[in-house]
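Protein chains in written order, with our numbering: chain F, 2 to 79; chain H, -4 to 229.
Think of the CB as a built atom: it goes at the ideal place given N, C-alpha and C, for glycine as much as any other residue.
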Amino acid sequence: MEKRDAKQAIARLLGPAEPEVGCDACFDELDRYVELEAAGADADAAIPGLRAHFEGCPACREEHDSLLALVSGDTGGA
Amino acid sequence: MSALAEATVFDVERLIVSESSARLIELTLDAESREWLTALGAEGPLHDDAVARLHALLLRAARFEVARRRHALPHLRGDDFDDVANQAADDALVSVLRRLDDFRGASRFTTWAYKFALLEAAVKLRKRAWQGRELPLEPESWNALASTDIGPQAELEQRAVISAIDHAIHEVLTPHQRTVLVALALNGVPIDVLAERLGSNRNALYKTLHDARRRLRRHLDDCGLAVDLGGEET
């Protein structure tokens, strides 16, 4: 059986230590957060709680990464 | 102490956008977004043309998401990916039109609309990937975890943390918290897939996951165990 890294497993089990929003609030704010990031602004300061949520929620993090790539003009074969 | 630091987790969303700032955002709506809202709110050919353009926009975003994920789905054919993209665009169009009043101009309209198509495509692909598979809901053996690049003392401490977490999973969490935590955080089941199987939704399951994680952290504190996750890549 392939061994998995214990430290990463513990991190996934414990999740982010900082305050975070839930998935619905994340979705509501995702477009504004991504545009701030794409503009080089401090998105974390403007919209607290999203970055920590991305650490704890792989699904929301993936959708964040996709939206940032899309609006940044990386068409990725689309 | 800052307002955020004082806030209970999940109360953070209340701090994000005040009513006054939302009204200010509406006043600064960009011309393209304003054109979209005007056309979609119109009647007749202007509306129909806007809906057709919106669908094309959403289909582009859905195809973008499919292209990013197709390498992880080698068992699907090209037609399957086209179907997913088209279904995602259709469903996203319904969502965008239904929630049009929610758009306050906090971003460009196109960015706001894109996220619906990306969500729909991502959810559909996660479900396709797990279609017909039994969900692993029990903790796997902790022996499958390896401690890497740490010394003997750190490995001993890590084993103590793992033992405490194992105890908490079985003795501290509720059965539902245990199911959700093990499936999502230990066994890597996508949250949308678990939500579908349990008849729940992403937000509710994440709340359960968050509560379970908080119990685990509290148990580690009670055991006097510190967790060093510095430099962690999740």
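Item, Value
"Identify which residue in H:Ala199, H:Leu215, H:Val61, H:Gly183 has its Cα closest to the Cα of alanine 10 of chain F.", "H:Gly183"
"Just checking my contact of alanine 57 of chain H with alanine 112 of chain H at CB under 8 Å: how many whole Å lie between their CB atoms?", "5 Å"
"Rounded to whole angstroms, what is the Cα-Cα separation between alanine 53 of chain F and alanine 199 of chain H?", "18 Å"
"Does proline 170 of chain H pass the burial test, meaning 16 or more other C-beta atoms within 10 Å, or should it be called exposed?", "exposed"
"State the DSSP-derived secondary structure class of aspartate 144 of chain H, mapped to helix, strand or coil.", "coil"
"By Cβ distance, which residues of its chain are closer than 7 Å to glutamate 1 of chain F, with the 5 residues on each side in sequence left out?", "Look at the range of chain F in this structure, 2 to 79, and you will see that residue 1 of chain F is not part of it."
"Tell me, which residues are paired with arginine 5 of chain F by DSSP?", "H:Leu140"
"Do three or more CB pairs link the region 14 to 21 of chain F to the region 195 to 215 of chain H at distances below 8 Å?", "yes"
"Name the residues in the region 42 to 69 of chain F whose C-beta lies less than 7 Å from a C-beta of chain H; which are they?", "Ile48, Pro49, Gly50, Glu56, Cys58, Ala60, Glu63, Glu64, Ser67, Leu68"
"Note down the Cα distance separating proline 59 of chain F from lysine 122 of chain H, rounded to an integer number of angstroms.", "15 Å"
"Does any CB atom of chain H fall closer than 8 Å to the CB of glutamate 36 of chain F?", "yes"
"How would you list, in chain order, the residues of chain F whose beta-carbon sits under 7 Å from the beta-carbon of asparagine 198 of chain H?", "Gly23, Cys24, Asp25"
"Closer than 8 Å by beta-carbon distance: list the chain H residues that pair up with glycine 16 of chain F, in chain order.", "Ala180, Leu204, His205, Arg208"
"Look at the alpha carbon of glutamate 30 of chain H and the alpha carbon of arginine 55 of chain H, and state the distance between them as a whole number of angstroms.", "20 Å"
"Can you name, in chain order, every residue of its own chain whose Cβ lies under 7 Å from the Cβ of alanine 116 of chain H, other than the five neighbours on each side?", "Ala57, Glu60, Val61, Val79, Ala80, Ala83"
"How about alanine 101 of chain H: is its C-beta nearer than 8 Å to some C-beta of chain F?", "yes"
"Just verifying my parser: in three-state terms, what is the DSSP assignment at phenylalanine 98 of chain H?", "coil"
"Straight-line CA distance for glutamate 129 of chain H to serine 195 of chain H?", "17 Å"
"Span of the alpha helix (DSSP H) holding histidine 54 of chain F?", "51 to 57"
"Please confirm if alanine 10 of chain F has its CB atom under 8 Å from at least one CB of chain H.", "yes"
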